[in-house]
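Participant: Dropping a structure here in structure tokens format, bear with me for questions.
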Amino acid sequence: MNFDDTPQEAAFRAEAKAWIAANAPKQYEEELRKASLGRVQLKGANILEVAKAWQKKKADAGWACLHWPKDYGGRGASPIERVIWQQEEGPFGRLSAMFIIGHGMCGPTMMAFAGEEQKRTYLPPLASGEKIWCQLFSEPAGGSDVAGLRTRAEKHGDEWVINGQKIWTSGAHYSDYGILLTRTDPTVPKHKGLTMFFLDMKSPGVEVRPIKQASGASDFNEVYFTDVRIPDSQRLGSVNDGWNVSLTTLMNERMSIGAGVATGFPELFDFCSSLMLDDGPAIENRAVRSKLANWAVKASGLKYTSMRAISALSRGERPGPENSIGKLVAGSMIQDVAAYAFDLQGAAGALNGPEDAEVAGKFQAMLLRAPGTRVEGGTDEIMRNIIAERVLGLPGDIRVDKDVPFNKIPTKGRA
Amino acid sequence: MNFDFSDEQKQMRDEARKFLSEQCPPRAVREVLDGKAPYDKALWKGLAEMGFLGVAIPEKFGGAGAGHLELCVIAEEMGRALAPVPFSSTVYLAAEALLIAGSDAQKQKWLPRIASGDAIGTLALFEGKGNPSPKAIKLTANGGALNGVKKPVPDGAIADFAVVAARTGSAGRESDVSLFIVDLKAAGVEVKPLTNIDLTRGQAEIAFKDAKAEPLGAAGEGWGVITQVLDRAAVLTAFEQVGGADRALEMGRDYALDRIAFGRPIGSFQAVKHMLADMYVSATLARSNCYYGAWALSTNAGELPEAAAAARISATQAFQHCAKNNIQVHGGMGFTWEFDCHMYYRRANAVALGLGSLSYWEDALIDRMRKKNAA
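If you read the sequences in order, they're chains A and B.
So the first sequence is residues 1 to 415, counted in the UniProt record's numbering.
So the second sequence is residues 1 to 375, counted in the UniProt record's numbering.
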């Protein structure tokens, strides 16, 4: 039992470290390190431009999309090398946020289902960040139940005509391409009538409308499709086999085991170490200590769970669904931690002006962003289902709509 | 990075699991639960023959000389099987105290007997209600004679010897505490068994009246040794707790798969699935904290105090959580004497206290984290 790199891993780490030290945009390091949960903003610079420049620099030197084949713009590196890179990239990894969906989900789907020429055309600029991709799955009628989506694709000659609406599409407003899951046959059960495409987001008939979130920020969009035409050559997988294609996409959901997951605990510990209560320092108060200790062991438990996953990668194993605990635990923890930081300040805890907010408003930002964390990329409830079914082997939910033609499934609860 | 047990250690775990599933099935645990024996003597002998009692004791003192990682692996299996033997008191407390503070002669006298299963040892620390504290130690030592009462003492009624914490100074400072070894069969020692919620592990009150005692370690350095022993025992006990938590989770999972209600397995209801998923989450977090504790213990790292406290808290919570919700998954049947659920529930709640309760370790963790941050 040890935390040491193998000699090959150590050599790779040294090479990565040296390259990052010589090339990373250090002028933003401090700002990136301090950035809160959610979308990062930079003072006096456009984050999109900074991110694209860093990604291009990495791609030119062979440090982009490490796990992809070299032919498609990657490095052909092993999973553990990818983790080491993420560890070494540190705060600069925050600049990859807008590429995560493209690199982690769209790219692998293209690799599995696009033609060879398409792969050589579309993947290298995706790897280098010159083109950004988004994923158009969720709809108002299908979030957790994504197979309940209603956006129609109808065949007209060699083209498909798309009509409908997507929602919660991260980054659609700056994306160049997207992968799109549609309904091509509503007369068969819901999983059997779906088809996947990729499309140019600048196609006529595509309209992107940012959603103002409960936090006040806008990370997601609604995307409307009105008679959008997609050539049949941009279909991914067979007609009506889109569900299986989407499973490939979702299985590739980025595993953030290298970067570690934010819990808010270090911030709370520091805050309690400096805060004075009526009867002395907060950190010496019995009730405060008990709360802190409980969160401390959750934070360390997550940290060492990810160390165990990295060890499995290092042995050449593929970490399984057990790693879904990270988001489940951290999502609600960050919410509770932020609320407790306010509680300790009394009425003033709610103030979030720059002169009043502690730790540069980080707790307020956490509190307001965390509800989204508990929903996006699989709700807490979906995560518990995944653990129950895929780790513990419990039966799947009974699905009353499984064998019903899609157009016969009720669409309203209360009449 | 290999933040995991080695293949050899995993093989040892498999051997221990196989051995315990054969020699320590629930019906063997029930012999002790039902009061038919104070502990499972045959199992104790078997554990000695397997080399498990002396796994972390050096070869020159009759042990296997393997190490603490191996002991962690065995501890997990002992907890899983609810082994009704004085393993934790003898191996984690008495043997570790001897390893830390014993003279060569003392080690030579007791460690080979521990490894061979011929001596049961324990740590006599508590004197009534309260958590470990130098202030709470009132038992006196004068000229090698102890006077005072210790309770509760784990496995005190079956132990052959005890490491006893005594006050040797005038105040209740750390430097006023010294340790002694006492032969519990000698004159001046009166042992009274006490009942407790975990019927598979005994507790006792031990009264010392001019009992003859031999110093263990230097005078006035007892508290430092106790702290080290408790940290080591916290990691080892945390592995027992994680073993118990995992077994309780499995029992709940298996029952949820078998039990049909409303025409379907109850494990297909999300209310039950999510309860089991949450048990898995706490058991996993605890296991990961335990691994860090094991690393710190086996390398004698400066991080041990903090790692031990984290493992202790996390594993205590996980075992309590899994044991109580295992009963909930079982419904009414889980509340019967006949089903084994209550044995895990009893153990989870008793073992949560033995080395100091949750609030004691929470306090310790924050102190230790502050110390590290200040350094």
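In this text, a Cβ means the ideal position worked out from N, Cα and C, and glycines have one as well.
B:Thr284 CB to nearest chain A CB: under 9 angstroms?
Facilitator: By this cut-off, B:Thr284 is an interface position.
Participant: 9 angstroms is my cut-off, CB to CB: does B:Phe3 come that close to chain A?
Facilitator: Answer yes: the Cβ-Cβ gap between B:Phe3 and chain A drops below 9 angstroms somewhere.
Participant: Label A:Asn46 either buried or exposed according to how many other C-beta atoms from any shown protein chain fall within 10 Å of its C-beta, with 16 as the threshold for buried.
Facilitator: With fewer than 16 other Cβ atoms within 10 Å, it is exposed.
Participant: With three or more beta-carbon pairs closer than 8 angstroms as the criterion, would you say the region 93 to 111 of chain B touches the region 141 to 149 of chain B?
Facilitator: Contact fails: fewer than three Cβ-Cβ distances are below 8 angstroms.
Participant: For B:Val73, count neighbouring C-beta atoms within 10 Å of its own C-beta (all shown protein chains included) and say buried if the count is 16 or more, exposed if not.
Facilitator: Result: buried.
Participant: In the structure shown, what three-state DSSP assignment does A:Glu207 receive?
Facilitator: If DSSP states are grouped into helix, strand and coil, A:Glu207 belongs with the strands.
Participant: Output the residue ranges of the beta strand (DSSP E) runs that lie fully inside the region 83 to 128 of chain B and measure 3 residues or longer, sorted by chain position.
Facilitator: If we require 3 residues or more, the beta strand (DSSP E) runs fully inside the region 83 to 128 of chain B come out as 121 to 124.
Participant: Identify which residue in A:Glu81, A:Cys65, A:Gly346 and A:Pro410 has its Cα closest to the Cα of A:Glu15.
Facilitator: Checked all of A:Glu81, A:Cys65, A:Gly346 and A:Pro410; the closest Cα to A:Glu15 is A:Glu81.
Participant: Less than 9 angstroms between CB atoms is the rule here; does A:Asp4 satisfy it with respect to chain B?
Facilitator: By this cut-off, A:Asp4 is an interface position.
Participant: Between the alpha carbons of A:Glu207 and A:Gly396, how many angstroms are there, rounded?
Facilitator: Taking the straight line joining both Cα atoms gives about 37 angstroms.
Participant: With A:Arg152 as the anchor, note down where its beta strand (DSSP E) starts and where it stops.
Facilitator: Segment Arg152 to His156, the beta strand (DSSP E) holding A:Arg152.
Participant: Is it true that the CB of A:Phe113 sits closer than 9 angstroms to the CB of A:Met196?
Facilitator: A contact, by the Cβ cut-off of 9 angstroms.
Participant: Taking the C-alpha atoms as reference points, what is the distance between B:Asp155 and B:Phe19?
Facilitator: Near 23 angstroms, if we compare the C-alpha coordinates of B:Phe19 and B:Asp155.
Participant: Quick one: any contact between the region 88 to 101 of chain A and the region 20 to 35 of chain A, if contact means 3 or more CB pairs under 8 angstroms?
Facilitator: Flag = yes, the region 88 to 101 of chain A and the region 20 to 35 of chain A touch.
Participant: Tell whether a beta-carbon distance below 9 angstroms holds between A:Leu136 and A:Lys166.
Facilitator: Yes, the Cβ-Cβ distance between A:Leu136 and A:Lys166 is below 9 angstroms.
Participant: So the candidates are A:Ser175, A:Thr248, A:His103 and A:Gln364; which of them puts its Cα closest to the Cα of A:Pro210?
Facilitator: For the residues A:Ser175, A:Thr248, A:His103 and A:Gln364, the minimum Cα distance to A:Pro210 belongs to A:Ser175.
Participant: Give the residues from the region 289 to 316 of chain B that approach chain A closer than 7 angstroms (Cβ to any Cβ), ordered along the chain.
Facilitator: The region 289 to 316 of chain B vs chain A, Cβ under 7 angstroms: Asn289, Tyr291, Tyr292, Ala294, Trp295, Ser298, Ala310, Ile313 and Ser314.
Participant: Mind checking who A:Ser144 pairs with in its DSSP beta bridge?
Facilitator: A:Ser144 pairs with nothing; no bridge assigned.
Participant: Please work out which residues of its chain come closer than 7 angstroms, Cβ to Cβ, to A:Ser138, disregarding the five sequence neighbours upstream and downstream, and give them in chain order.
Facilitator: Cβ neighbours of A:Ser138 beyond the five flanking positions: Val146, Lys166, Ile167 and Trp168.
Participant: With a 10 Å radius around its C-beta and 16 neighbouring C-beta atoms as the bar for buried, classify A:Asn385 as buried or exposed.
Facilitator: A:Asn385 comes out buried.
Participant: Quick one: list the residues of chain A neighbouring B:Val91, beta-carbon separation under 7 angstroms, in chain order.
Facilitator: Residues of chain A passing the Cβ test: none, with the nearest at roughly 20 angstroms.
Participant: Counting C-beta neighbours from all protein chains within 10 Å, is the total for B:Trp337 16 or more, i.e. buried, or is it exposed?
Facilitator: So B:Trp337 counts as exposed.
Participant: Is the region 276 to 285 of chain B close to the region 306 to 322 of chain B, with three or more CB pairs under 8 angstroms?
Facilitator: Flag = yes, the region 276 to 285 of chain B and the region 306 to 322 of chain B touch.
Participant: For A:Lys17 and chain B, any beta-carbon pair shorter than 9 angstroms?
Facilitator: Not an interface residue.
Participant: Does B:His274 have its Cβ less than 9 angstroms from a Cβ in chain A?
Facilitator: Closer than 9 angstroms to some Cβ of chain A, the Cβ of B:His274 qualifies, so yes.
Participant: Looking at chain B, which residues of the region 382 to 413 of chain A have a Cβ within less than 9 angstroms of any of its Cβ atoms?
Facilitator: Cβ contacts with chain B: Met383, Arg384, Asn385, Ile386, Ile387, Ala388, Glu389, Val391, Leu392, Gly393, Leu394, Pro395, Gly396, Asp397 and Ile398.
Participant: Taking 9 angstroms as the CB-CB limit, is B:Glu240 close to chain A?
Facilitator: No, B:Glu240 does not count as interfacial toward chain A.
Participant: For B:Arg340, which option in B:Leu304, B:Gly252, B:Ala294 and B:Pro193 has the closest C-alpha, if you only look at C-alpha atoms?
Facilitator: For clarity, residue 340 of chain B is Asp in the given sequence; the question names Arg instead. The candidate whose alpha carbon is nearest that of B:Asp340 is B:Gly252.
Participant: Step through the CB atoms of chain B and report whether any lies within less than 9 angstroms of the CB of A:Lys303.
Facilitator: Cβ-Cβ to chain B under 9 angstroms: yes for A:Lys303.
Participant: Mapping DSSP to helix, strand and coil, what is A:Glu130?
Facilitator: Note: A:Glu130 maps to coil in three-state DSSP.
Participant: Which residue comes first and which comes last in the alpha helix (DSSP H) that contains A:Val50?
Facilitator: Residues Ile47 to Asp60.
Participant: How many Å lie between residue 423 of chain A and B:Gly263 at the Cα?
Facilitator: Because chain A is modelled from 1 through 415, residue 423 of chain A falls outside the range shown and cannot be assessed.
Participant: So, at 7 angstroms on beta carbons, what are the nonlocal neighbours of A:Lys119 in its own chain, with the 5 sequence-adjacent residues on each side left out?
Facilitator: These residues qualify, in order along the chain: Tyr72, Met110 and Met111.
Participant: Is it true that the CB of A:Leu149 sits closer than 9 angstroms to the CB of A:Gly178?
Facilitator: Not in contact: A:Gly178 and A:Leu149 (Cβ atoms no closer than 9 angstroms).
Participant: The beta strand (DSSP E) spanning B:Phe161 covers which residue range?
Facilitator: That run of the beta strand (DSSP E) goes Phe161 to Arg167.
Participant: Quick one: does A:Met276 have its CB under 9 angstroms from some CB of chain B?
Facilitator: So, not an interface residue.
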